[in-house]
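Asker: Below: one structure in structure tokens.
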Amino acid sequence: MLRKPKNRKVAAILALAGVAPLPFFGVSLHLVGLHKFYLGQKWWGLLYILFATTPIAAIAGVIEAVWYLIQDSDEFDQNFNDELAEPGMISKSAPVVAEKVVAIADAMRHLDQLRQDGLITEYEFEQKRRQLLDRIH
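For my numbering, add 3 to where a residue sits in the sequence shown, where the first one is 1.
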């Protein structure tokens with residue numbers, strides 16, 4: 004079954020649609036959680052429906068709408084469109100990650116050389132090494 008990729012602007016609009024209840028034939032209709040169903044997160048959508056009459060759902064919807072809009076397209080795709088990628092297919096951000104890892108590996112080699120030359124202590128080396136490794140994640 005072919006599925007279309009999710010759009011972050013549509014997700015943000017659906018998240019904002021749940022902020023205020025809409026009058027529908029004299030009844031307040033709460034549209035909270037639509038964005039979660041759109042993104043394929045049915046259990047989160049059901050949780051939003053449970054909290055539809057509380058301010059929690061509206062506040063969370065606004066926060067998530069802003070979060071969707073401030074993400075760049077690659078980050079949104081990584082979070083919500085990964086299941087559409089074919090197995091073995093490399094994502095658009097893979098070259099960027101590879102370049103980052105190569106740069107960190109080079110920095111670690113340089114750092115190790117400084118340690119071997121006695122210009123930094125073992126403790127300083129370990130601190131800097133951990134900082135470099137944390138950049139990979």
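A virtual CB, placed ideally from N, CA and C, is assigned to each residue, including glycine.
Can you tell me the Cα-Cα spacing of ASP85 and VAL65, whole angstroms?
Answerer: The residue you call residue 85 lines up with position 82 of the sequence shown. The residue you call residue 65 lines up with position 62 of the sequence shown. Spanning the two alpha carbons is a distance of roughly 24 Å.
Asker: Measuring straight from C-alpha to C-alpha, what distance separates ASP137 and LYS131?
Answerer: Here residue 137 refers to the residue found at position 134 when the sequence shown is read from its first residue. Here residue 131 refers to the residue found at position 128 when the sequence shown is read from its first residue. Roughly 10 Å between the two C-alpha positions.
Asker: Helix, strand or coil for ASN82? Go by DSSP, reduced to three states.
Answerer: For this step, residue 82 is matched to residue 79 along the sequence shown. Residue state, collapsed to three classes: helix.
Asker: So, with DSSP's three-state summary, where would you put MET92?
Answerer: As a first step, residue 92 is located in the sequence shown; it is residue number 89 there, counting from the start. Its pLDDT being 48, under 50, MET92 is placed unreliably by the model, and the measurement read from it follows with that caveat. In the structure shown, MET92 sits in coil (DSSP, three-state: anything other than H, G, I, E or B).
Asker: Could you say which of GLN74, TYR41, GLY21, ILE73 lies nearest to PRO58 if we only look at CA atoms?
Answerer: Along the sequence shown, one-based indexing puts residue 58 at 55. Among GLN74, TYR41, GLY21, ILE73, the Cα nearest to that of PRO58 is on GLY21.
Asker: State the Cα-Cα distance for the pair LEU122 and GLU78, rounded to the nearest angstrom.
Answerer: What you label residue 122 is simply residue 119 of the sequence shown in a count that begins at 1. What you label residue 78 is simply residue 75 of the sequence shown in a count that begins at 1. Each residue's alpha carbon lies about 39 Å from the other.
Asker: Alpha carbon to alpha carbon, how far is LYS12 from TYR71? Give it in angstroms, no decimals.
Answerer: Here residue 71 refers to the residue found at position 68 when the sequence shown is read from its first residue. Here residue 12 refers to the residue found at position 9 when the sequence shown is read from its first residue. Approximately 7 Å, taken between the alpha carbons.
Asker: Using the rule of at least 16 other Cβ atoms within 10 Å of the residue's Cβ for burial, across every protein chain shown, is GLU125 buried or exposed?
Answerer: Here residue 125 refers to the residue found at position 122 when the sequence shown is read from its first residue. That one is exposed.
Asker: Can you tell me where the alpha helix (DSSP H) with GLN134 in it begins and where it stops?
Answerer: Here residue 134 refers to the residue found at position 131 of the sequence shown. Per DSSP, GLN134 belongs to the alpha helix (DSSP H) from 125-139.
Asker: What span of residues does the alpha helix (DSSP H) with VAL69 cover, start to end?
Answerer: Counted from its first residue, the sequence shown places residue 69 at position 66. Start and end: 58-73.
Asker: What number of angstroms, rounded off, separates the C-alpha of ILE139 from the C-alpha of ILE16?
Answerer: One-based indexing of the sequence shown puts residue 139 at position 136. One-based indexing of the sequence shown puts residue 16 at position 13. Their backbone Cα atoms lie some 33 Å apart in a straight line.
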